Amino acid sequence: ISACLRTMQFVKKQEKERGARLAKVLTTLDLISLGVGSCVGTGMYVVSGLVAKEMAGPGVIVSFIIAAVASILSGVCYAEFGVRVPKTTGSAYTYSYVTVGEFVAFFIGWNLILEYLIGTAAGASALSSMFDSLANHTISRWMISSVGTLNGLEESYPDLLALVIAVIVTIIVAMGVKNSVGLNNVLNVINLAVWIFIMIAGLFFVKADNWSEGLKISQLAQAQDNFSDLHCLTPLGFCVLKGAATCFYAFIGFDIIATTGEEAKSPNTSIPYAITASLVACLTAYVSVSIILTLMVPYDAIDTESPLMEMFVARGFYAAKFIVAIGSVAGLTVSLLGSLFPMPRVIYAMAGDGLLFRFLSHVSSYTETPVVACIVSGFLAALLSLLVSLRDLIEMMSIGTLLAYTLVSVCVLLLRYQPETKEKSSLAHQPTRVGQKTCRRWGTTRCSSGNPINPPTMDRPTAATGHTVTTCVLLLFVLMFIFCSFIIFGADYISEQSWWAVLLVVLMVLLIVVLVFVILQQPENPKKLPYMAPCLPFVPAFAMLVNIYLMLKLSTVTWIRFAVWCFVGESQIYLGPPCGISESLEQPQGSHPSGGGCHPLFSSTLPFPLLLQEDREGRQPPSCGPTAKLHL
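In the numbering used here, the protein residues as written are 147 to 778.
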């Protein structure tokens with residue numbers, strides 16, 4: 147159990163012992179470009195039309211805004227951890243490792259690999275389908291007639307074009323970060339130019355009647371109490387909220403920025419700024435395109451497969467279809483790059499920490515990239531795109547990312563309320579300063595030394611208050627899981643206003659509010675960072691709620707496949723060498739020169755590791771494997 151729960155130890159190693167490092171060449175603008183590129187392709191060219199026609203109508207605008215707010219909540223938590231652990235390639239994997247322990251860290255990292263693997267394969271398949279569509283389906287017909295189908299399915303065939311696309315992008319990523327980012331920037335410029343064209347050209351074809359007609363249908367549906375037909379722009383439309391859940395997936399991908407900490411020139415400032423800026427840029431693109439789309443074409447006439455291309459065809463502007471097609475290809479290509487780029491970096495981080503095969507952490511001295519991890523991950527993604535249809539791939543794309551978002555929010559809540567290691571023992575016995583006047587901010591000055599709900603005041607956390615927060619966060623996670631499960635699977639009882647269902651919902655909401663209030667009363671760690679998530683504990687708590695809800699909305703088949711993948715990973719990591727717990731760099735003394743003890747998450751003292759910019763002797767604290775120092 148202690149092996150599963152031990153947190154990251156920062157082993158003192160000289161730079162030469164750690165081997166070649168990744169090149170630090172990425173600017174803030176590069177990071178913003180990576181974040182925007184990984185999100186905006188599918189969101190702008192696919193999701194906008196799908197949600198507008200099948201769920202929210204013109205209300206897709208509100209759906210995107212709601213989804214953006216929910217995404218920003220997770221984004222600010224990522225941004226804070228990007229400052230706490232700036233020089234790392236592991237993203238949520240490393241964040242979990244330094245906070246909640248090795249078992250959870252591997253669990254998150256293993257599933258991030260799955261998400262990036264599927265995202266890369268799906269991106270290659272989607273790009274192949276786009277080329278096939280532009281060629282009037284000549285490619286697919288030739289493949290079916292010449293090669294055959296998979297498992298006898300009529301429309302499922304070995305996608306050789308997707309295989310070739312995945313291999314080409316893998317070569318580009320393996321050749322160096324400058325090449326990857328350079329291609330990403332060029333494709334984003336093309337995307338920007340096409341977006342400007344859509345905005346300007348679309349203004350000549352807008353019809354306000356398309357919105358007013360939708361409003362009439364909405365009013366009729368409300369009058370008839372027929373909410374299943376509620377597609378239009380309404381303040382409280384149920385389909386607008388349903389559309390927001392789908393639109394949320396259009397923002398998934400900004401976490402690519404968190405995998406570039408070791409390659410960013412100034413990760414402390416670049417990562418939080420890039421995450422926020424990329425989400426705002428994506429929201430701007432989605433909302434503006436949705437406005438033009440729903441004003442040009444009646445929502446029920448939107449083409450769900452190629453909405454932006456076909457909206458100009460519907461208005462007789464045929465040449466615009468090919469201009470938008472160029473943007474679609476650029477957008478899907480940059481989304482593919484956004485899935486493949488972070489995958490080898492997470493593998494590199496895990497292999498460097500001893501949780502995957504060590505040869506996967508090899509960095510080429512020529513390209514300064516984890517070239518072995520690039521080749522292996524790219525080959526697997528290419529094979530997957532060849533043999534699995536796009537429809538099956540899409541079902542598995544989101545669960546691991548949502549789980550990572552949830553864990554990062556949990557980690558922010560835990561770390562902000564833990565005492566510094568050097569203060570732990572002294573503060574545990576420090577007398578409480580009852581009646582102290584402090585500047586009240588979001589949960590920064592109150593402390594629990596007895597009654598956690600109405601405690602005396604204190605300006606620094608203790609081991610006891612840290613343990614209180616940990617207990618509350620764990621209970622909060624369990625309650626939110628139960629609450630979301632009941633909201634989703636017991637919706638019929640709630641809509642019928644069954645007394646027991648309403649009572650159960652009210653009780654769970656009250657318990658969640660009480661737990662958040664208890665956390666709010668505890669003192670925060672006074673350590674100041676260049677960026678800190680605002681309004682604790684509300685922002686991370688609400689992010690947890692949204693992400694848990696979206697995970698539970700996924701299909702049963704997705705959860706079964708997810709469970710199988712997790713079982714395979716956990717079996718090999720804990721039962722079979724040459725990687726895993728037995729080879730982890732966090733072994734106690736005698737196995738690795740880790741120095742210092744390991745402290746599991748659920749211990750009574752909860753001493754999280756603290757590393758300052760310089761230790762007492764003025765030496766720079768080294769990093770462990772490919773990860774870096776943690777700043778509390």
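All residues carry an ideal CB built from backbone N, CA and C; glycine is no exception.
Every value quoted in this text rests on a predicted model; they were computed, and no experiment measured them.
query	result
Helix, strand or coil: which one does DSSP assign to Leu-532?	helix
By alpha-carbon positions, which one of Phe-713, Ser-209, Leu-454 ends up nearest to Ile-342?	Leu-454
Alpha carbon to alpha carbon, how far is Ser-209 from Asn-693?	16 Å
Alpha carbons only, please: which of Ala-216, Thr-608, Ile-318 is nearest the one belonging to Cys-520?	Ile-318
Report all residues from its chain with a CB closer than 7 Å to the CB of Leu-696; omit the five preceding and five following residues, and keep chain order.	Ala-391, Phe-394, Leu-548
Would you decide whether Arg-230 is buried or exposed? Buried here means 16 or more other CB atoms lie within 10 Å of its CB.	buried
Please classify Leu-661: does DSSP put it in a helix, a strand, or coil?	helix
Determine the closest residue to Thr-430 out of Thr-513, Tyr-512, Val-215, with distance taken between C-alpha atoms.	Val-215
Just list the residues that DSSP pairs Leu-172 with in beta bridges.	Ala-410
Looking only at C-alpha atoms, which of Val-556, Val-558, Met-489 sits nearest to Phe-525?	Met-489
Alpha carbon to alpha carbon, what distance is there between Ile-493 and Phe-503?	9 Å
Along the chain, where does the alpha helix (DSSP H) containing Phe-684 start, and where does it finish?	684-698
What residue does the alpha helix (DSSP H) around Lys-467 start on, and which one ends it?	465-486
How many angstroms separate the CA atom of Pro-143 from the CA atom of Gly-407?	This structure cannot speak to residue 143, because the chain is shown only from 147 to 778.
Do the CB positions of Ser-481 and Gly-187 come within less than 8 Å of each other?	yes
Pull up the distance between the alpha-carbon of Ser-184 and that of Ala-420, whole angstroms please.	13 Å
Measuring alpha carbon to alpha carbon, tell me which residue in Ile-212, Ile-665, Ser-631 is nearest Thr-616.	Ile-665
For a quick check, are the C-beta atoms of Ile-545 and Thr-704 less than 8 Å apart?	yes
Between the C-alpha atoms of Ala-647 and Ala-460, what's the straight-line distance to the nearest angstrom?	48 Å
First and last residue of the alpha helix (DSSP H) that includes Glu-456?	453-460
By Cβ distance below 8 Å, which residues in the same chain neighbour Leu-102 in space, the five residues on each side in sequence not counted?	A query on residue 102 cannot be resolved here, the shown segment of the chain reaching from 147 to 778 and no further.
Check for me: the alpha helix (DSSP H) holding Leu-502 runs from which residue to which?	No alpha helix (DSSP H) contains Leu-502, which DSSP labels as neither H nor E.
Ends of the alpha helix (DSSP H) at Tyr-262?	248-280
Going along the chain, which residues of its own chain have a beta-carbon closer than 8 Å to the beta-carbon of Asn-356, five neighbours each way excluded?	Pro-204, Thr-440, Leu-441, Met-442, Val-443, Pro-444, Tyr-445
From this set, Ala-637, Thr-422, Ile-344, which residue's C-alpha is nearest Phe-463's C-alpha?	Ile-344
Can you have a look at Ala-198 and say buried or exposed, based on whether 16 or more other CB atoms are within 10 angstroms of its CB?	buried
Tell me which same chain residues have a C-beta within less than 6 Å of the C-beta of Ala-404, skipping the five on either side of it?	Tyr-224, Gly-228, Ser-237
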